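Written out below as structure tokens is the structure these notes cover.
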Amino acid sequence: MAKIVDAIRTYCPKCNKHTLQKVKLYKKGKQSPFSVGQRRYDRKLTGYVGKVKGKKTVRKIGKRQKIILECPICKKKQERVIGTRTRKILEVVKKGAMMTKEAKKASKRSTS
Numbered sequence: 074m075a076k077i078v079d080a081i082r083t084y085c086p087k088c089n090k091h092t093l094q095k096v097k098l099y100k101k102g103k104q105s106p107f108s109v110g111q112r113r114y115d116r117k118l119t120g121y122v123g124k125v126k127g128k129k130t131v132r133k134i135g136k137r138q139k140i141i142l143e144c145p146i147c148k149k150k151q152e153r154v155i156g157t158r159t160r161k162i163l164e165v166v167k168k169g170a171m172m173t174k175e176a177k178k179a180s181k182r183s184t185s
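Next up, the structure:
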């Protein structure tokens, strides 16, 4: 599981400066049954030929992980792809909850 902080200081193209932007995970919206692609697909399946489109022959390994950054000043949202195709699931965590390896080792030493 890949962890990502809930706020990233990055460039906002609308404000034309760096701001601390909120991070949200990208979620796919509900598919419309009347979109052009869906109508074309339904038309292809009708008739006497039967099911023309079958299973995919090539399976993609993992998926491209996206996050949505929202500027608090102008409320502009922009997408960002995290790495390339990966099977890891992204998780948004608070900034204090994300510790480096060195900090974890130091905290273990101090408790023992």
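With my numbering as the guide, the letters of the sequence shown map in order to residues 74 to 185. Where is the CB? At the ideal position from N, CA and C, for every residue including glycine. This structure is a prediction, so every number in the text was calculated from the model and none was measured.
Exposed unless 16 or more other CB atoms sit within 10 angstroms - verdict on residue i
{"i": "Q94", "result": "buried"}
{"i": "Q187", "result": "Since the first residue of the chain shown is 74 and the last is 185, residue 187 is not available in this structure."}
{"i": "T92", "result": "buried"}
{"i": "C88", "result": "exposed"}
{"i": "C147", "result": "exposed"}
{"i": "L98", "result": "exposed"}
In DSSP terms, what residue i is bridged to
{"i": "I155", "result": "Q138"}
{"i": "T83", "result": "T92"}
{"i": "L163", "result": "A75"}
{"i": "K186", "result": "Residue 186 falls outside the range modelled here, since the chain spans only 74 to 185, and no answer is possible."}
Per-residue DSSP class, three states only, for residue i
{"i": "Q94", "result": "strand"}
{"i": "G169", "result": "helix"}
{"i": "G120", "result": "coil"}
Whole-angstrom distance between residue j and residue i, CA atom to CA atom
{"i": "I140", "j": "K117", "result": "34 angstroms"}
{"i": "K190", "j": "G169", "result": "This structure gives no information on residue 190, because the portion of the chain shown stretches from 74 to 185."}
{"i": "D79", "j": "S108", "result": "34 angstroms"}
{"i": "R153", "j": "R112", "result": "30 angstroms"}
{"i": "V166", "j": "T119", "result": "48 angstroms"}
{"i": "S105", "j": "K149", "result": "25 angstroms"}
{"i": "R158", "j": "K133", "result": "9 angstroms"}
{"i": "L163", "j": "Y121", "result": "45 angstroms"}
{"i": "R83", "j": "G110", "result": "The amino acid at residue 83 is misidentified as Arg; the sequence shows Thr. If you take the alpha carbons of T83 and G110, they lie about 36 angstroms apart."}
Bounding residues of the beta strand (DSSP E) (the contiguous stretch that carries residue i)
{"i": "V131", "result": "Per DSSP, V131 belongs to no beta strand (DSSP E) and is neither H nor E."}
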